[in-house]
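Residues 1 to 292, numbered by full-length UniProt numbering, are exactly what the first sequence covers, in order. First comes the structure, then the notes that go with it.
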Amino acid sequence: MPEGHTLHRLAAQINTVFAGHPWRVSSPQGRFIAGAQRLDGQVPQHAEAWGKHLFVHLGPEVWQVHLGLYGAFSFRGDADFAAEATVGAPRAAVGTLEPRYAEDGWLIPEPPKGAVRARVSARHGWADLRGPTTCAVLDLTEYQAVVDRLGPDPLRQGISQDARADAQLRELFLHNLSRRRISIAAALMDQAVIAGVGNIYRAESLFLEGLDPYTPSNQLDPERAAPLWDRLTEQLRDGVAEGRIRTVRTGGSRRHWVYKHQGTACPRCGTVIKAAELQGRRLYWCPGCQRD
DNA sequence: CATCGATGTTTAA
DNA sequence: TAAACCTCGATGC
């Protein structure tokens with residue numbers, strides 16, 4: 001699930017469902033006990049995503065979550081909660097249940113299943129967090145330090161309603177590329193170059209832009225790099241809207257152009273799609289279409 | 001029931 | 001470059 005689109009979606013969902021009211025926080029699994037105690041009973045004011053990080057602000061404290069490779073939130077609640085929590089596409093799955101309420105009017109949650117690192121509860125429902133790489137309570141200095149290490153996030157365009165600020169993000173991306181000698185494929189996975197891109201968006205954006213993944217980042221013509229930023233922006237926004245990554249948008253059942261399609265013919269030029277290991281991750285590309 | 005792999009990152013060597 | 005970490009579903013025997 002988790003490239004940048006997942007986290008931005010999650011931030012929106014948490015804002016809708018939890019922001020502005022005191023919540024209850026626990027760690028059924030037991031590995032976030034101290035943090036949960038600090039967050040419990042506080043009012044989550046605002047959730048935001050920055051690349052693949054989720055931050056929930058509660059006054060001077062910030063809850064930081066990074067889902068890593070397979071971390072996930074699951075939401076469950078009564079009909080009110082489901083109606084509220086269904087942000088955007090219907091598949092923002094909110095499980096519903098036969099509701100039972102405590103004397104204080106709060107929904108009685110189901111017992112946690114499996115390893116639930118953190119459970120956050122509102123009156124009408126709750127969210128369970130499993131398998132995150134990071135689940136921590138930060139102060140504002142620590143929060144700033146995390147954010148400072150991240151490159152521009154295409155999904156943070158449009159936040160300030162300032163077209164010049166958005167243009168600066170793209171310029172920063174071009175600047176970051178110009179200063180790396182690694183391949184463009186490696187650069188896209190470096191969260192200091194651009195934040196929020198993962199293995200699927202890397203493969204799919206380079207394919208659609210016809211870029212050879214092994215081109216050195218600092219040799220990529222800005223005339224080619226700027227459309228790459230725009231392509232990633234479009235793809236990430238589609239992912240937020242739809243709740244899943246689907247870069248092939250021509251109706252059929254195929255979801256990706258090259259990701260996990262190694263050994264089959266490229267739908268565009270017929271060349272056999274390749275896969276190779278690059279810095280511990282699998283890289284997928286079409287040697288026929290991606291030549292510059 | 002055991003093993004493997006996954007849309008990720010950090011640390012050690 | 002490799003291993004470690006975190007969890008769960010798919011696959012294989």
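C-beta: ideal position from N, C-alpha, C; glycine also.
Only residues of its own chain outside the window of five on either side were considered, and among them K52, H53, P132, T133 and T134 have a CB closer than 7 Å to the CB of H66, listed in chain order.
In the DSSP annotation of this structure, the continuous segment of the alpha helix (DSSP H) that includes W229 starts and ends at P222 to E242.
According to DSSP, D128 shares a beta bridge with S74 and R119.
Inter-segment contact for the segment 206-222 and the segment 172-187 is present: three or more beta-carbon pairs are separated by less than 8 Å. The shortest C-alpha to C-alpha distance from G41 to any of P28, R31, G30 and R24 is the one to R24. Boundaries around Y284 are those of the beta strand (DSSP E), R281 to W285, since no alpha helix (DSSP H) includes it. By the Cβ-count criterion, S205 is buried, with 16 or more other Cβ atoms from all chains shown falling within 10 Å of its own Cβ.
Assigned with DSSP and collapsed to three states, T16 falls in helix.
Separation of D292 and R254 (C-alpha to C-alpha, rounded to the nearest whole angstrom) is 25 Å.
In chain order, R254, R255, H256 and W257 place their CB closer than 7 Å to the CB of V248, counting only its own chain and leaving out the 5 sequence neighbours on each side. Between the segment 122-132 and the segment 66-86 there are three or more inter-stretch CB-CB distances shorter than 8 Å, so the stretches are counted as touching.
Closest by C-alpha distance to R156, out of R202, Q37, D230 and E84, is D230. For S27, the three-state secondary structure derived from DSSP is coil.
Burial check for V62: the Cβ neighbour count within 10 Å reaches 16 or more, so the residue is buried.
Following the DSSP letters along the chain, one finds A136 inside the beta strand (DSSP E) bounded by residues T134 to D139.
DSSP places H57 in the strand class (E or B) of the three-state scheme. If you compare the alpha carbons of W50, R31, H46 and L7 with that of Q191, the shortest gap goes to W50. For the pair Y70 and P2, the Cα-to-Cα distance works out to about 7 Å. Taking a contact to require three or more Cβ pairs closer than 8 Å, the segment 180-194 and the segment 268-277 do not qualify as touching. By the neighbour-count criterion, in which a residue is buried when 16 or more other Cβ atoms sit within 10 angstroms of its Cβ, D162 is exposed. For a cut-off of 8 Å, the C-beta gap from Q262 to F207 is around 12 Å, too long to register as a contact. E204: member of the alpha helix (DSSP H) spanning N199 to L208, first to last residue. In this structure S27 is buried. Its beta-carbon is surrounded by 16 or more other beta-carbon atoms within 10 angstroms.
The C-alpha of R123 lies about 12 Å from the C-alpha of A19. Between the C-alpha atoms of K260 and L10 there is a straight-line separation of about 26 Å. Just so you know, the alpha carbons of A115 and P152 end up roughly 33 Å apart. For H8, DSSP assigns no beta-bridge partner whatsoever. Where H21 is concerned, there is no enclosing alpha helix (DSSP H), because DSSP gives it neither an H nor an E. In this structure, G196 lies near G4, with their beta-carbon atoms less than 8 Å apart.
Shown here, H261 sits in coil according to DSSP, grouped into three states, outside any helix or strand.
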